[in-house]
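*Asks:* Residue numbers for the sequence shown follow UniProt numbering, so the first one is 1 and each next one is one higher. From the three backbone atoms N, C-alpha and C, an ideal C-beta is built for every residue, glycine too. Please read these numbers as outputs of a predicted model, since none were measured by experiment. Quick one: the structure is below, questions incoming.
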Amino acid sequence: MLILRRCLCLHTDPDSSPTIANIRLEKFLFKIFNKCPKSRAHPTTMKRKRPRTNFGRCDLVTGVTIGIMVVPQAMAYTTLAGVPPAVGLYTCFFAAFFYLFLGTSIHVSIGTFAVASMMVGNTLAQLHLNGDNNGKLNLNGTNNATTSSFGADLANPLLVTSALTFGAGIFQLTMAVCRLSFLTVYISDPLVSGFTTAAAVHVLVAQMPKLIGVPSKPYGGPGMVIFMLRDLMSSVWHANLWTVGLSLCGIVFLGVGRDYLNPPFRKRFRVPLPLELIMVICSIGFSLLFKIEQNHGVKIIKHVPNGMPVPAMPRWDFLPLIWPNVLSIGLICYVFVISLEKIFAKRHRYAVEANQELYALGFSSLLSSFFPVYPFGASLSRSSLCEMLGAKSQLHALFSSTLLLAVILWLGPLLEPLPISILACIVVVSLKPLFLQYRDLPKLWAVSAYDMMIWMVAFFATVLLDITYGLVLAILFSIFTVVLREQWPALHQVGVAEADYQSDLSRIMPNANVEIWRFTSPLHFANAQKFIEQLRKTMKKIRENISQLPAANVAENELEISMEKTQKAVLVVDCAAVSHIDSVGVHALGEVFTDSKAHDIVLIFANFYDEHLTIFRRCELFEKIPEENFYSATLRATKGP
C-alpha cells in the first residue's frame, strides 16, 4: 500500500496570542486536514506544543509579496527554458498549488528557477527546437498532437516540456516508493556549489544575446558555452542600442536597488521593495510611450493569453528520447528543494522528511504535466524572502497562487509590451548569489582538499561540457573520492606513552617502549594491503629506534646490550574508527600479527567492537592471534597481554 504523510507545519511564536479570526481559521484547517485521522494515506497535522501565532496575517503578507515577486521572475526564467512567458506563470501556479497539499516545508517557494530552466532549454536545443514557438501559445489543447507524424509532434517545445515534467514526476515517485532519498547524500554541498556556479555561467552566456538584442542559435551538448560565446563575439557589432540601453538601466536599477535601497526599505516597512515589479511596470510604460518595437526593433513579449489552459495527456512516448535529461532534471529539482528545506528546518527547528518531499515533488510534477509547464523546484531568492517575512505555514503558497491566478485570468495581456531584455536583466541580477559561491573555495581547501577538488571538477566539467554531463561527471568523481579516502586511509600516531602514562608503564611493563597508533577507516579488501604495508613500516621503524639506543661510554657497552635484550616493544593499534571489517581485513590482521612476531614486537589491537570480535571467532582468528591481544580500551592495552 502506498503511504503518504502530510504535515501542516505551523511556525509559532510563544509570545503571540491567537485572535478569534485565527482560531476559526485554524479549526477550519484542522477539520480539513484531519478529516480521516485513522488513515495514514490522508494528510495529518502535527500536535501543537505552543500557543498559536497570528499566522493568517503573516502568511497573507508573505503570499502577496511572493506573488508580486514571482510574476516577473516566472516570465524571466522562460527565456532560459525557450518557451513562451505564459508557461512560466502556469508552472509557478500549478507547482505551488499542488505542493501545498503534500509538502512539509514552511519556507520553500516552489516554482521556476534558473538551473532547471537552463537544463530544459538545453534539452530543447539538443532536439533542435525553436523554443519561442513564434511567441504564441494555444490554450485549447496545448499538449495535443496536431499531426500524425511523431517528428512534427516533437517539434512543439510545449509537448516536450510537459513530457519532461511528467517523466521527472515519475522518476521522483519511483525514488520515493523505493525510499532512495538517501542517495542524495552523494550530492554533497561542494558539488552543489560548484555545479550551480557553473550553471550560472551557462545562464549568463545564454542571456547575453537578449541583453544586447541580437539573435542567438540554441546549442546543446559538450562545448555549448564555447559555441555560444563564439556566436556572441561575432554578432556583438550588430547589437541594438536601444536594447543595450534598456538592459544597462535594468541591471543598474536592480543592482543598486537590492544592495542600497532595499535594506533600509525592508528595515522600515518589514517588507522588501518590489524592484522587479516596479521595473516591469516602468518598462511597459516606456515601451508603450516610445513604441520601441515598431520604431526601434526592440523585442517584446507580444502575446500573453487570457485564461487557464485546457488539460491534456502528456506525451509519455517522448520519454525514450529524452530520458537522460529527465533523470538529471528530476534529480536536480529534488536536490534544490531538499537542500533549502534542510537549511530552513535547521534554523527554525521543524522536521522535514526527505522521502516525503519526493512524494510531494513527484505528485506535483505529475499533476502539473497535464498543463503546459516545465520542470520546477525551489527558488533560493523567493524562499529566503519567505523566511524573512516570517511565514508560519504553507498557506502562503495559497495566497501567492491566488494572486498568480488573477494575473493568468485577467492581467496577462497587460504584460505583452514588456521588453524581453528586461526579463533577461531580472535573470542576470538573480545570479549574483550563485557567482559569489566561489568564496567557498578557501574554506573547502582549509577543511579538505577532496572537497575543493569536487567543487572544481563540478564547475569545470559543467562549464566545458554540458549541464547534464557535468552533473553526472561530478557525481561520479564525488563517489570516486569516497573510494580514495577508503583505499588510502591514515595510520597516524596519537601519542607515545609518556608523561601521564609513565608511572603506570613503569609499574606494569618495565623497560617498555609503547607506541599507540590509530587506523582511521573501515578495514576491507580495498585498503587491507595498505593497512599491512603501513604497519610493517611502523614496526620496522620501532625496531630500528630500539636498536639505536645511545651508549654513554664504552665501559657501559655490556650494560646497554643487556638492556636491549630485555627491552620490550609494544605497538597498540587503536581500531575505534574501524566500523566495518570483511574477510580480507580479518586475514590482514593475522598477517600483521605474524610480522610483529618476526620483529619481536608485542602487537595489541584496541577498541574493536563486540560484533567484530564475534566475526573473529567465526573466522577462527583467535587460533592465530591470542584473544588476550584484543582490548576494549587503549589505556588498558598498555598493560600488555
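#1: Report the residue ranges of all alpha helix (DSSP H) runs contained in full by the region 59 to 140; include only those spanning at least 4 residues, in chain order.
#2: Taking the alpha carbon of Ser287 as the reference point, which residue from Ile212, Ile322, Thr243 has its own alpha carbon closest?
#3: To the nearest angstrom, how far is it from the Cα of Tyr631 to the Cα of Glu623?
#4: Looking only at C-alpha atoms, which of Pro375, Thr62, Pro84 sits nearest to Ala114?
#5: Could you have a look at Gln493 and say whether DSSP puts it in helix, strand or coil?
#6: So what's Ile322 in DSSP terms, helix, strand or just coil?
#7: Report yes if the C-beta distance between Ile281 and Glu416 is below 8 angstroms; otherwise report no.
#8: Ile281 lies in the alpha helix (DSSP H); which residues open and close that run?
#9: Roughly how many angstroms lie between the CA atoms of Thr79 and Leu289, to the nearest whole one?
#10: By the three-class DSSP mapping on this structure, what secondary structure does Val578 have?
#11: Below 8 angstroms, can you find three or more Cβ-Cβ pairs linking the region 441 to 461 to the region 70 to 90?
#12: I think Val429 touches Gly255, with their Cβ atoms under 8 angstroms apart; what is that distance to the nearest whole Å?
#13: Which partner residues of Val573 appear in the DSSP bridge assignment?
#14: Throw me the rounded Cβ distance for the Gly63 and Phe399 pair, which I believe falls under 8 angstroms.
#15: State the Cα-Cα distance for the pair Phe318 and Pro222, rounded to the nearest angstrom.
#16: Are the beta-carbon atoms belonging to Leu603 and Asn629 less than 8 angstroms from one another?
#17: With a threshold of 6 angstroms on Cβ separation, who are the neighbours of Leu434 within its own chain once the five nearest residues in sequence on each side are excluded?
#18: State yes or no: is the C-beta of Leu361 within less than 8 angstroms of the C-beta of Gln172?
#19: To which residues of the same chain is Lys530 closer than 8 angstroms at the C-beta, ignoring the five residues directly before and after it?
#20: Under the DSSP definition of a beta bridge, which residues are partnered with Leu523?
#21: Please classify Val185 as buried or exposed, where buried requires at least 16 neighbouring CB atoms within 10 angstroms.
#22: Evaluate contact between the region 305 to 324 and the region 447 to 465, counting only Cβ atoms and requiring at least three cross-stretch pairs below 8 angstroms.
#23: Tell me the DSSP secondary structure of Gly377 in three-state form.
#24: If we require 4 or more residues per run, which alpha helix (DSSP H) segments fall completely within the region 359 to 412?
#25: Excluding the 5 residues preceding and the 5 following Ser381 in the sequence, name in chain order all residues of the same chain whose CB lies nearer than 7 angstroms to its CB.
#26: With respect to the alpha helix (DSSP H) encompassing Ala474, which residues constitute its N-terminal and C-terminal limits?
#27: Taking buried to mean at least 16 other C-beta atoms within 10 Å of its own C-beta, is Thr462 buried or exposed?
#28: Please list, in chain order, all residues of the same chain as Ser521 whose beta carbon is under 8 angstroms from its beta carbon, the five residues on each side excluded.
#29: Between which two residues does the alpha helix (DSSP H) harbouring Glu611 extend?
#30: With a threshold of 6 angstroms on Cβ separation, who are the neighbours of Gln207 within its own chain once the five nearest residues in sequence on each side are excluded?
#31: Which of helix, strand or coil does DSSP assign to Lys299?
#32: Whole angstroms are fine: how far does the CA of Gly213 sit from the CA of Leu245?
#33: For Arg383, I'd like the list of residues in its chain whose CB is within less than 8 angstroms of its CB, leaving aside the five on either flank, ordered along the chain.
#34: Tell me which residues share the same chain as Val236 and place their Cβ nearer than 6 angstroms to its Cβ, disregarding the 5 neighbours each side in the sequence.
#35: Using only alpha-carbon positions, find the residue among Phe97, Lys392, Arg179 that is nearest to Gly67.
#36: Under the DSSP definition of a beta bridge, which residues are partnered with Phe630?
*Replies:* In terms of the structure at hand:
#1: Listed in chain order, they are 85 to 99, 114 to 126.
#2: Within the sequence shown, numbered from 1, the residue matching residue 287 stands at position 287. It is Thr243 whose Cα lies nearest to the Cα of Ser287.
#3: Against the sequence shown, residue 631 aligns to sequence position 631. Against the sequence shown, residue 623 aligns to sequence position 623. Whole-angstrom Cα-Cα distance: 17 angstroms.
#4: Here the question's residue 114 lines up with position 114 in the sequence shown. Per the C-alpha coordinates, the member of Pro375, Thr62, Pro84 positioned closest to Ala114 is Pro375.
#5: For this step, residue 493 is matched to residue 493 along the sequence shown. Assignment of Gln493 by DSSP, reduced to helix, strand and coil, places it in the strand class.
#6: On the sequence shown, position 322 is the one that residue 322 refers to. When DSSP states are grouped into helix, strand and coil, Ile322 belongs to the helix group.
#7: To locate residue 281, count along the sequence shown from 1; it is residue 281. To locate residue 416, count along the sequence shown from 1; it is residue 416. Going by C-beta atoms, Ile281 is not nearer than 8 angstroms to Glu416.
#8: On the sequence shown, residue 281 is found 281 positions in, with the first residue counted as 1. DSSP places Ile281 inside the alpha helix (DSSP H), whose first and last residues are 275 to 290.
#9: The residue given as residue 79 occupies position 79 in the sequence shown. The residue given as residue 289 occupies position 289 in the sequence shown. Roughly 24 angstroms between the two C-alpha positions.
#10: The residue you call residue 578 lines up with position 578 of the sequence shown. Correct three-state label for Val578: coil.
#11: The answer is no - the region 70 to 90 does not touch the region 441 to 461, with fewer than three Cβ pairs under 8 angstroms.
#12: Position 429 of the sequence shown holds residue 429. Position 255 of the sequence shown holds residue 255. Confirmed, Cβ separation roughly 6 angstroms.
#13: For the purposes of this step, residue 573 is identified with residue 573 of the sequence shown, where counting begins at 1. Under DSSP, the beta-bridge partners assigned to Val573 are Trp517, Phe605.
#14: Mapped onto the sequence shown, residue 63 falls at position 63. Mapped onto the sequence shown, residue 399 falls at position 399. For Gly63 against Phe399, the beta-carbon gap comes to about 3 angstroms, under 8 angstroms, which counts as contact.
#15: Taking the first residue of the sequence shown as 1, we reach residue 318 at position 318. Taking the first residue of the sequence shown as 1, we reach residue 222 at position 222. For Phe318 and Pro222, the distance between alpha carbons rounds to 23 angstroms.
#16: Taking the sequence shown and counting its residues from 1, the one referred to as residue 603 is at position 603. Taking the sequence shown and counting its residues from 1, the one referred to as residue 629 is at position 629. A Cβ-Cβ contact shorter than 8 angstroms links Leu603 with Asn629.
#17: Along the sequence shown, one-based indexing puts residue 434 at 434. Around Leu434: Thr196, Thr197, Ala200.
#18: Taking the sequence shown and counting its residues from 1, the one referred to as residue 361 is at position 361. Taking the sequence shown and counting its residues from 1, the one referred to as residue 172 is at position 172. A contact, by the Cβ cut-off of 8 angstroms.
#19: By one-based count along the sequence shown, residue 530 stands at place 530. The residues are Gln487, Trp488, Pro489.
#20: Looking up residue 523 in the sequence shown gives position 523. BP columns for Leu523 point to Ile581.
#21: Numbered from 1 along the sequence shown, position 185 holds the residue referred to as residue 185. Val185 comes out exposed.
#22: Judged by pairs of C-beta atoms under 8 angstroms, the region 305 to 324 does not touch the region 447 to 465, as fewer than three such pairs exist.
#23: One-based indexing of the sequence shown puts residue 377 at position 377. Three-state result, Gly377: strand.
#24: Listed in chain order, the complete alpha helix (DSSP H) runs (minimum 4 residues) inside the region 359 to 412 are 380 to 389, 395 to 406.
#25: Working through the sequence shown from its first residue, we reach residue 381 at position 381. Counting only Cβ-Cβ distances below 7 angstroms, and skipping sequence neighbours, we find Ser430.
#26: Within the sequence shown, the letter at position 474 stands for residue 474. Start and end: 467 to 487.
#27: Numbered from its first residue, the sequence shown carries residue 462 at position 462. Result: buried.
#28: Along the sequence shown, one-based indexing puts residue 521 at 521. Only Arg485, Glu486, Pro489, Ala490, Asn527, Ala577, Val578 meet the Cβ criterion.
#29: Here residue 611 refers to the residue found at position 611 of the sequence shown. Start and end: 610 to 618.
#30: The residue you call residue 207 lines up with position 207 of the sequence shown. Excluding sequence neighbours, Gln207 sits near Ala424, Val427, Val428.
#31: Taking the first residue of the sequence shown as 1, we reach residue 299 at position 299. Under the three-state reduction of DSSP output, Lys299 falls in the coil class, being neither helix nor strand.
#32: Taking the sequence shown and counting its residues from 1, the one referred to as residue 245 is at position 245. Taking the sequence shown and counting its residues from 1, the one referred to as residue 213 is at position 213. A small fix is needed here, since residue 245 is Gly in this sequence, not Leu. Rounded to the nearest angstrom, the two C-alpha atoms are 10 angstroms apart.
#33: By one-based count along the sequence shown, residue 383 stands at place 383. Note that residue 383 is Ser in the sequence shown here, rather than Arg. Cβ neighbours of Ser383 beyond the five flanking positions: His107, Val108, Ser109, Leu340, Phe344.
#34: Stepping through the sequence shown from its first residue, residue 236 is reached at position 236. So the list is empty, once near-sequence residues are dropped.
#35: By 1-based counting over the sequence shown, the position of residue 67 is 67. Answer by Cα proximity: Phe97.
#36: Here residue 630 corresponds to residue number 630 of the sequence shown, with the count starting at 1. For Phe630, the beta-bridge partners assigned by DSSP are Phe605.
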